[in-house]
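K.L.:
Numbering (the numbering used here), first residue to last: 8 to 1219.
Positions of the beta carbon are idealized from the N, C-alpha and C atoms, including for glycine.
None of the values given here were measured: they were computed from a predicted structure.
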Amino acid sequence: MINIIQWNMNGFYSKFAELQLLIKDYTPTIICLQETNLADKNNPSLSQYNIYKKNRNTCDRASGGVAIFVSQEYPSEEIHITTDIEAVAVSITLPHNKITICNLYLPNQKNFTLADIENITHQLQQSFIIVGDFNSHSPIWGSHKTDTRGKIIEELLTQDNLVTLNTGLPTRINPSDGKFSAIDLSISNTSLAHKLEWKVLPDIFSSDHFPIQITFTYPSNKEDLCYPPRWKVKEANWNLFNSLIENSISTLEPLTKENIDDDVNQFSKLITDTAKMSIGLANNKPKRPRVPWWNNEIKTSIINKNKSLKKYQNTHSLNDFVELKRNRARTRFLVKLSKATSWKTFTSSLDNQTDPSVVWSKIKSLKGTNRQSNIQLIYNSKLISTPKEVVNSIGEYFQKNSSNSNYDDEFLINRHRYYSPPNTIDPNDTTQILINSQITMDELEMVLRTNKSKSPGPDGIPYIFIQNLPFNGIKHLLDIFNTIWVNNVFPKHWIHGFVIPILKPNKNKYLTESYRPITLLSTLCKLLEKIINRRLIWFLEKIKYISPEQNGFRQNRSTQNNLLTIKREIEIANSNKQSLGMISFDIAKAYDTTWRPRILYILNKIVSKGNLLNFIQNLLLERSFQVKSSNCLSDTYTQENGVPQGSSISVTLFLLAINDISKQTPKPIIPILYADDFSILCRSSSLITIKQILQDATNSLRNWSNSSGFRFSAEKTKLIIFNNKNKNKMSISLGNHIIKNDKYIKILGIIFDSKCSWAPHIRHLKQACTNRLNIIKMLSHTSWGAHSSVLLKIHKSLILSKIDYGSPLFSSAIQCHLKKLENLHNSGMRLAIGAFRSSPIDSISNIAGIPSLSLRWAEQKSLLAARIHRSPQGISTSPNNLFTNLQDKLNLDQIIPSTISLQPPWTISLDINLELHQFPKKDTNPKIYKYHFNEIIANAEPHIQIYTDASITDQIVGVAIICGDTEIQLKLSDKCSIYTAEAMAILEAIKYFIQSVDDKRCIILSDSLSAITSLKNINNPTDIARNIHNFCYISCSAGKHISFMWIPGHCNITGNEKADEVAKLSPISPKAFNVPGFTYSDAKKYIKNLYAIKWQRYWSNQSTKLNEIKKSILPWPPPGCSRRQETILNRLRIRHTLLTHRHLMTREDSPNCTTCGVQLTIKHIFTECRNNQQERMITLGATHLYEIFSPEPTATQKLFIFLKKSTLFKEI
């Protein structure tokens, strides 16, 4: 059923709240409004509706005008009609036909003719409805008289065979005399009229016209819509869930490879059945649109108003008319009051204690990004709304994306080369044995800890269910995994997924190609995939199989690696007066068309036949899916090719498939690769040379495409020439197509232009951030907005993060471009803290705790330099070439590089003794510690003891290693933290034991609990801990065993006391060896501290008014008061307020104190003015501004007491 509302509202913005009530009560599909009173500069919006409007342009003020709002649930497009009448027409596609709605307004002062109206009807499609305020009278539709305008409409109905839908009820009440009239008409052609129902709604709002409802009934599929229940996880009884599973595990059948499908289904059913008892399911049916400011008082007022209307319609008495007007006015007042109060209450409640999900849910609502659940499609010019037809249409499209029809004929002819690949890898190789070994409990527990997804797969089991299983449940799952892993079996339902179609940004929602698939797979399967994927990634990195140019989805690499390489090549080209050519290739449907036999072919070259290869082969074969929308499942479709969408291991398999693309481009070509984002660069002083080299490389890549199965999209592949000349055109062909030359090109989110001015990218950033700034404006009212801490978080998340990305590249742009971003950043901070518009930027930054963009970007560039030095493998040049100045200043070449584990992480098992940690340090006598220590040492196997300790004195770091009578003193970098120093001491002790000690066993004893416990982190260790793991592996390989033990400091343990004493002397000892090196974490801390000092120095040299009372850049604690008080406090501290600086906005003379006759300033008011002097001294008890505006809670409390006693509170 289509629900149409027509209403002469007389002012869109003034009646917007009443329109929301209409939507709440009637959920209209189409809304036709007259007298919207919109100007061309207005941009009205209504959530989940598309707007089509025509404004009146013949008046000096906004008046008249019409608008049609159509629900986004149905496709619609405007029909442009040629007429002088205020009219707009829209065509709406329904499941079985199309209808046209024409909305017009004929004001009293504008005459019209029959030809004018017929001119409109002749431009409409066959089935149409015309609605609007005609201001025409005739008894045919309920008027008491017939005027000239009414006769024209009567003639229209007769001659054009049209039908008026009006039933004779009045549609307007005269606000001056209370007389009723029927001047709002609804007209349709005869083919549509019998399907329409027309009625005047009983609701009367502040407009003098009644809303009218027209319903169009057609065969509906709404009954086909059903909504999946969801688990009530927030109300879960996990103790009950855990105990029920624990008691039921023993009832499961023993696992066998022949019945693996039944075994997995049985285990899954146990989990879901238990969850139904202990967690429960909730109805997920969407609710009607909610008006957040609705309350019972408004409801009662509307009921009284409607009763008054009915009473007046029966009596027509003056008293009843007055009562009606009174109730209308009261309702309008209550709606406005409640709407304002509701928004103020919500925004004022946003503080540090607010659930972040509530904040971001509101922000998504303000941005209009809430997802619509029901999908409708246009196919062959018809609307498909039946859920089954919709999901099948999308399923067919997704299936086609992975079909063989996507491949070139040449590839299909030669595809057999990848079938039945030979495998010559020795299965008895140590590494091959390890990657094929059984899955361990540590691996399973690790992947469980790192999973946060809430979406269940086809089995209905979210990760949180597995995370709350009892130990015997986890053990049973591990047994299932190993049964699958060792016996080369695979549950059939694990290769099947549910695909959720997600609309791509800025795409037509009625087209199948506008949706991308998000596949939900069995969570049990994904857990196993994650374990196998970690093994595969370790193996590929260990043998250095992945191309060094590939920076996508690899540890310690990012898009910045690729972007820096591009910028570096541009700079070299410019400095050498060369040109740089770059082609950005687009691989069409890269993940969907990855040739699976090619993946297995590649794996057979590096992995022996065994569990890993079998698992991946089982995972890839015979994939199937069903599209799911509105809880309706499509038919089953096959994913013929491509890596499994939604699989945890898919990205790694894709990296294998595309790995050799960069090898197709020999020097001087520089390949840039991030997952499937591939570009090639070539620079030369000759454009002809560049063209020839790029063409040869393109031809080579074309040949690779024909052999690999990947296909380049010639339409989306782009070429750009970077130089300072105007010659930036070049003809390079990709197959039979010429690659498009462009002045701008977007790579990994950054827009490069041929002149490298960064102007296009900064314009793009400005536009994107301006829209985001509007959200802060809506939440930051100075009297009742959200707290500044919340607004600053929103500013950092929405605006600053957008501006910061890529800043090491474009921060070199000219100042006039960068100023645009600075203005946005400054506006966001000013709105967040509520500062007055004339406030100095430096003061705003200080209060907000965010430095200027130039300083912030310099810090980020230094941090990026440190990260690149830690892991320089992902760039085509030395890090020193990229960050020359920073390298010299920060000694970045001393950063300890990130390394890969020499030993498979899942096999690492260190001997770490933390027994002494069970005794609380504060409550334990040193003698007890020493007694237990001696007992542990006595019971240990014969060994040598090595004590380590570290000391930091006056930023000088010393380390001591004590082994018997041997004392080793080391001096470390002053950038080292105490953790780094203690861990370095352990590392150096291991090296000493391996190289200089003949004993086969040793215990390394340290009083650093953080250093010892960090060694237990096997899967994501610190860089030093990784080095310790590797040297332990080297030691073990040499037949030497190393144990670690934590001991408490200063407990009279001889070796530890000696190590502590020697460590303190190490920094000044001439015997100490210098050991350069510090960690990336140390570098980050040092860099952040360095730029904090720079900011502090800059701030200390400023002469702002805030600088007089706040000497530090460190933020003052939040005052813990309302938004209004917070705003007043910030303005007083900055000393720019409405009272003292309004004249700068109005261009008036500066105000003077009416008592003292001098210029009015905050300092004068609070320390010098004779007015309120006695009250000021009694209440504030201070004469200096620092004391008055101090962050101390008592000072703040006194300040507001004084402000409220005086008249200043409302004038700041």
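Could you tell me which residues DSSP pairs with residue 974 in its beta bridges?
P.N.:
Working through the sequence shown from its first residue, we reach residue 974 at position 967. 969.
K.L.:
Is there contact here, the stretch 1065-1082 with the stretch 933-945, by at least three beta-carbon pairs under 8 Å?
P.N.:
no
K.L.:
Between the alpha carbons of residue 915 and residue 1025, how many angstroms are there, rounded?
P.N.:
In the sequence shown, the residue the question calls residue 915 occupies position 908. In the sequence shown, the residue the question calls residue 1025 occupies position 1018. Looking at the two C-alpha atoms, the distance is approximately 7 Å.
K.L.:
So the candidates are 298, 517, 416; which of them puts its Cα closest to the Cα of residue 387?
P.N.:
The residue you call residue 387 lines up with position 380 of the sequence shown. Among 298, 517, 416, the Cα nearest to that of residue 387 belongs to 517.
K.L.:
Let me know the alpha helix (DSSP H) ranges lying completely inside the stretch 885-938, each 4 residues or longer, listed in chain order.
P.N.:
886-889, 891-897
K.L.:
So is residue 224 buried or exposed if we call it buried at 16+ other beta carbons inside 10 Å?
P.N.:
Counting from 1 along the sequence shown, the entry for residue 224 is found at position 217. Label assigned to residue 224: exposed.
K.L.:
Taking just the CA atoms, how far does residue 837 sit from residue 784?
P.N.:
Here residue 784 refers to the residue found at position 777 when the sequence shown is read from its first residue. Here residue 837 refers to the residue found at position 830 when the sequence shown is read from its first residue. Spanning the two alpha carbons is a distance of roughly 10 Å.
K.L.:
For residue 650, which residues of its own chain have a beta-carbon under 6 Å away from its beta-carbon, when the five flanking residues on both sides are left out?
P.N.:
Here residue 650 is taken as the residue at index 643 of the sequence shown, counted from 1. For residue 650, where only same-chain residues beyond five positions count, the Cβ hits under 6 Å are 598, 601, 657, 660, 661.
K.L.:
Counting pairs of Cβ atoms below 8 Å between the stretch 797-811 and the stretch 842-858, do you hit three or more?
P.N.:
With the cut-off at 8 Å, the stretch 797-811 and the stretch 842-858 touch.
K.L.:
How close, in whole Å, do the beta carbons of residue 548 and residue 953 come, if the pair is a contact with beta carbons under 8 Å?
P.N.:
Taking the sequence shown and counting its residues from 1, the one referred to as residue 548 is at position 541. Taking the sequence shown and counting its residues from 1, the one referred to as residue 953 is at position 946. Actually they do not touch by this definition, with Cβ atoms about 32 Å apart.
K.L.:
Count the other C-beta atoms from every protein chain shown that fall within 10 angstroms of the C-beta of residue 1134, then say buried if there are 16 or more, exposed otherwise.
P.N.:
Against the sequence shown, residue 1134 aligns to sequence position 1127. By the 10 Å Cβ count, residue 1134 comes out buried.
K.L.:
Check each candidate in 1035, 177, 161 and name the one with the smallest Cα separation from residue 151.
P.N.:
Along the sequence shown, read from residue 1 onward, the residue named residue 151 stands at position 144. For residue 151, the nearest C-alpha among the options comes from 177.
K.L.:
Out of 567, 1002, 624, which has the shortest C-alpha to C-alpha gap to residue 868?
P.N.:
One-based indexing of the sequence shown puts residue 868 at position 861. It is 567.
K.L.:
What's the call for residue 843, buried or exposed, on a 16-neighbour Cβ count within 10 Å?
P.N.:
Indexing the sequence shown from 1 puts residue 843 at position 836. By the neighbour-count rule (16 or more Cβ atoms within 10 Å), residue 843 is buried.
K.L.:
Between residue 997 and residue 1049, which are expected to be in contact by the criterion C-beta below 8 Å, what is the C-beta distance as a whole number of angstroms?
P.N.:
Mapped onto the sequence shown, residue 997 falls at position 990. Mapped onto the sequence shown, residue 1049 falls at position 1042. About 6 Å separates the two Cβ atoms, so the contact holds.
K.L.:
Look at residue 957 and residue 988 and say whether their C-beta atoms are less than 9 Å apart.
P.N.:
As a position in the sequence shown, residue 957 is number 950, starting the count at 1. As a position in the sequence shown, residue 988 is number 981, starting the count at 1. Cβ distance < 9 Å, so residue 957 and residue 988 count as in contact.
K.L.:
At what residues does the beta strand (DSSP E) containing residue 1083 begin and finish?
P.N.:
Reading the sequence shown from its first residue, position 1076 is the one you call residue 1083. First-last for residue 1083: undefined, no H or E at that position.
K.L.:
Tell me, to the nearest whole angstrom, how far the beta carbon of residue 644 is from that of residue 631; I am working on the premise that it is less than 8 Å.
P.N.:
Translated into positions along the sequence shown, residue 644 becomes position 637. Translated into positions along the sequence shown, residue 631 becomes position 624. Going by Cβ atoms, the distance from residue 644 to residue 631 rounds to 7 Å, so yes, they are a contact pair.
K.L.:
Quickly, what does DSSP pair residue 506 with across the bridge? List them, please.
P.N.:
As a working mapping, residue 506 is identified with position 499 in the sequence shown. Paired residue(s): 526, 634.
K.L.:
Near residue 346, which residues of its chain fall below 6 Å by C-beta distance, leaving aside the five closest residues on each side in sequence?
P.N.:
The sequence position of residue 346 within the sequence shown is 339, counting from 1. So the qualifying residues of the chain are 24, 300.
K.L.:
Excluding the 5 residues preceding and the 5 following residue 453 in the sequence, name in chain order all residues of the same chain whose CB lies nearer than 7 Å to its CB.
P.N.:
For the purposes of this step, residue 453 is taken as the residue at position 446 of the sequence shown. The beta carbon of residue 453 is closer than 7 Å to those of 1026 in its chain, skipping five residues each way along the sequence.
K.L.:
Mapping DSSP to helix, strand and coil, what is residue 734?
P.N.:
Taking the sequence shown and counting its residues from 1, one reaches residue 734 at position 727. If DSSP states are grouped into helix, strand and coil, residue 734 belongs with coil.
K.L.:
Under 7 Å Cβ to Cβ from residue 771, same chain only, skipping five residues before and after it: list those, please.
P.N.:
The count along the sequence shown starts at 1 and reaches residue 771 at position 764. For residue 771, the CB contacts under 7 Å within the same chain, skipping 5 residues up- and downstream, are 758 in chain order.
K.L.:
Residue 1087 to residue 1102, Cα distance in whole Å?
P.N.:
On the sequence shown, residue 1087 is found 1080 positions in, with the first residue counted as 1. On the sequence shown, residue 1102 is found 1095 positions in, with the first residue counted as 1. Residue 1087 and residue 1102: Cα-Cα distance of roughly 22 Å.
K.L.:
Opposite residue 179 in the DSSP bridges: which residues?
P.N.:
Here residue 179 corresponds to residue number 172 of the sequence shown, with the count starting at 1. DSSP, once it has assigned bridges, lists 188, 216 as partnering residue 179.
K.L.:
Rounding to the nearest angstrom, what Cα-Cα distance links residue 16 and residue 38 in this structure?
P.N.:
Here the question's residue 16 lines up with position 9 in the sequence shown. Here the question's residue 38 lines up with position 31 in the sequence shown. Roughly 11 Å between the two C-alpha positions.
K.L.:
To the nearest angstrom, report how far apart residue 87 and residue 704 are at their CA atoms.
P.N.:
The sequence position of residue 87 within the sequence shown is 80, counting from 1. The sequence position of residue 704 within the sequence shown is 697, counting from 1. Looking at the two C-alpha atoms, the distance is approximately 50 Å.
K.L.:
What number of angstroms, rounded off, separates the C-alpha of residue 528 from the C-alpha of residue 480?
P.N.:
Mapped onto the sequence shown, residue 528 falls at position 521. Mapped onto the sequence shown, residue 480 falls at position 473. Near 21 Å, if we compare the C-alpha coordinates of residue 480 and residue 528.
K.L.:
Please classify residue 1130: is it buried, with 16 or more other beta-carbons within 10 angstroms of its beta-carbon, or exposed?
P.N.:
In the sequence shown, counting from the first residue as 1, residue 1130 sits at position 1123. With a 10 Å radius around the Cβ and a threshold of 16 neighbouring Cβ atoms, residue 1130 comes out buried.
K.L.:
My guess is that residue 220 and residue 241 are in contact by the Cβ rule of under 8 Å, so how many angstroms apart are they, rounded?
P.N.:
For this step, residue 220 is matched to residue 213 along the sequence shown. For this step, residue 241 is matched to residue 234 along the sequence shown. The Cβ separation is near 39 Å, so there is no contact.
K.L.:
In chain order, what residues of the same chain have a beta carbon less than 7 Å from the beta carbon of residue 514, not counting five sequence neighbours either side?
P.N.:
Residue 514 sits at position 507 when you count from the first residue of the sequence shown. Excluding sequence neighbours, residue 514 sits near 521.
K.L.:
Of all the CB atoms in chain C, is at least one closer than 9 Å to the CB of residue 395?
P.N.:
The question asks about chain C, but that chain is absent: this structure has only one protein chain.
K.L.:
For a quick check, are the C-beta atoms of residue 668 and residue 702 less than 9 Å apart?
P.N.:
Start at 1 with the first residue of the sequence shown, and residue 668 comes out as number 661. Start at 1 with the first residue of the sequence shown, and residue 702 comes out as number 695. Contact: no.
K.L.:
Going by beta-carbon coordinates alone, are residue 110 and residue 40 separated by less than 9 Å?
P.N.:
For the purposes of this step, residue 110 is taken as residue 103 along the sequence shown, with counting starting at 1. For the purposes of this step, residue 40 is taken as residue 33 along the sequence shown, with counting starting at 1. For residue 110 and residue 40, yes; Cβs fall inside 9 Å.
K.L.:
What would DSSP say about residue 1161, mapped onto helix, strand or coil?
P.N.:
Start at 1 with the first residue of the sequence shown, and residue 1161 comes out as number 1154. Looking at residue 1161 - three-state DSSP - the assignment turns out to be coil, as it is neither helix nor strand.
K.L.:
Tell me which residue opens and which closes the alpha helix (DSSP H) that residue 421 is part of.
P.N.:
Reading the sequence shown from its first residue, position 414 is the one you call residue 421. Premise fails: residue 421 is in no alpha helix (DSSP H) and is neither H nor E.
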